[in-house]
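Below is one structure; the comments refer to it alone.
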Amino acid sequence: MQRVERKKTANLWELFVAWFKIGLFTFGGGYAMLPLIEREVIDKKGWTDKEEILSIYALAQSVPGVIAVNTSIILGNRLAGVKGAVVAAAGVVAPSLIIIMTIASSFHVIQSNVYVLQAFSGIRAAVVGLVAAAAVRISFASLKDKPGYVIAAAAFLLSAFTDLHAIAIIIGGAVAGLVVYYFGAKGRAND
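Just so we're aligned: the sequence shown equals residues 31 to 221 in my numbering.
Encoded structure:
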């Protein structure tokens, strides 16, 4: 795949169309959107790079809201200011809104259709694969050292096997990162 030079700005129409495509072709929302977001904003548009998108994801997850919408707002704002944030968010939300309103208007007809039920069964299975692929891709890009792997494993275990709130896990990860940095910097200063 060819390397796209990173752009610092985008026009509003370009932002809307790019985020509309992301919203239109992603089922399962949230983490299932990450591979499409990366393909569109890094590979095709060159609006960001892999390192910055990880920072954007971290920020997008640390505030209330859907990760795709938050990501569109952050990147839209960076590329075209407040108008860019609004347009990008509208673009990513519009397909879902249109589809939900269409389905709601004919829900009584399609709710028992065997083909629709089977299609959604297949979509759910595909979404699991997309989320798993996004998790693997993010872990390869984010985890650089042994403390990172330990913090990631601890966060996974706490998230999967306890009722601990995600915010507590994120704050715990931040504290663990600071502790690792403090003792690492202190150890290097004593050398």
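Note that the Cβ used here is the ideal one computed from N, Cα and C, for glycine as well.
Query, Result
"Assess contact between the region 163-176 and the region 68-85, defined as three or more Cβ pairs (one per stretch) separated by less than 8 Å. Is contact present?", "yes"
"Alpha carbon to alpha carbon, what distance is there between Tyr61 and Phe46?", "20 Å"
"Give a yes or no on whether the C-beta atoms belonging to Ser102 and Ala119 are separated by under 8 Å.", "yes"
"Which term fits Val122, buried or exposed, when burial requires 16 or more other beta carbons within 10 angstroms of its beta carbon?", "buried"
"Taking buried to mean at least 16 other C-beta atoms within 10 Å of its own C-beta, is Val144 buried or exposed?", "exposed"
"Can you list the alpha helix (DSSP H) stretches of 4 or more residues lying completely in the region 46-85, in chain order?", "64-68"
"Taking the alpha carbon of Gly202 as the reference point, which residue from Ile181, Tyr212 and Phe191 has its own alpha carbon closest?", "Ile181"
"Among residues of its own chain, excluding the 5 on either side of Lys38, which ones have a beta-carbon nearer than 6 Å to its beta-carbon?", "none"
"Per DSSP, what kind of secondary structure is Leu187 in: helix, strand or coil?", "helix"
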